[in-house]
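Letter 153 of the sequence shown, counting from 1, is numbered 156 in our numbering, and no numbers are missing. Using N, Cα and C, we set each Cβ at its ideal position, and we do this for glycine too.
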Amino acid sequence: MKVTDYQIAMTQAGFRLITIKACPVTDPADNAEHHTCLWPDAQLAELKSSVAEHHKYSAKVLVQLHYSAIAPATEYPLDMLAQEVAAAAGNCRDAGADAVEVYVQYQLLLPLIEGIKQQVGTEYPVIVRTDDLTMIEIGSITRQVEEAGINALLVSAGSGYLCYLEEKISNSVTIPVLLKFLLLPVTNTLTFISRKISCRLARRMY
């Protein structure tokens, strides 16, 4: 089963926010084999088709922008990278995606947010995802990204053990805070839902 087939099945089952994960913004990309690429080629048509299929079932689509980690002392022009990420966000918007997501551990986070907002406008939703950060680091970042104009913060909670962070972060920002974790026992997931915590469930496909 392709990842896109699995996601369409989730939409048909009633899920209303689907994330198309780790979509490369530049060519070549180290993960292009398994993911939808975002530079202008035939894969953009595939993205547009997938988004339209999700929309048929009243689901929203979030696209995760991906680029490989930048090595220290790289000679790659970082301002060009910011432009490529912004252009990829524009491609997602043009393909009908409802929002884009940026990883917080990548370099140039604030310039990336600024570039994306300039490309797609201030009304287009941009979500920032944290990963493997301490509460102090998250607290510092949340204030900066909220001021930069992001629309929501997605906290990676591993297998669920960091879910307590949602309440702490929610008390420090005015934007929505969501949790992302690997599939948990049903009782644990229902507990989060009963507390009205917005969750994103993840499953490894390969």
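Review point. Leaving out the 5 sequence neighbours to the left and right, which residues in its chain are closer than 7 Å to residue 7 when beta-carbon positions are compared?
Key: 53
Practice item. Select from 115, 43, 64, 111 the residue whose C-alpha is nearest the C-alpha of residue 10. Key: 64
**Study point:** Limits of the unbroken alpha helix (DSSP H) element including residue 27
**Key:** First-last for residue 27: 20-27, but that is the beta strand (DSSP E), not the alpha helix (DSSP H).
Point to revise | Cα-Cα separation, residue 182 to residue 160 | key: 6 Å
**Study point:** Range covered by the beta strand (DSSP E) that runs through residue 173
**Key:** It is not in any beta strand (DSSP E) - residue 173 instead sits in the alpha helix (DSSP H) that spans 168-173.
Check your understanding: So, using beta-carbon positions, are residue 176 and residue 156 closer together than 8 Å?
Key -> yes
Practice item. Using beta-carbon positions only, say whether residue 38 and residue 48 come within less than 8 Å of one another. Key: no
Review point. Is residue 118 closer than 8 Å to residue 85 when the C-beta atoms are compared?
Key: yes
Check your understanding: Could you give the distance in angstroms between the alpha-carbon of residue 134 and the alpha-carbon of residue 154?
Key -> 18 Å
Practice item. Thinking residue 122 and residue 89 are a contact (beta carbons under 8 Å), I'd like their distance in whole angstroms, please. Key: 4 Å
Check your understanding: Name the DSSP bridge partner or partners of residue 7?
Key -> Paired residue(s): none; residue 7 is not in a bridge.
Review point. Is it true that the CB of residue 68 sits closer than 8 Å to the CB of residue 126?
Key: no
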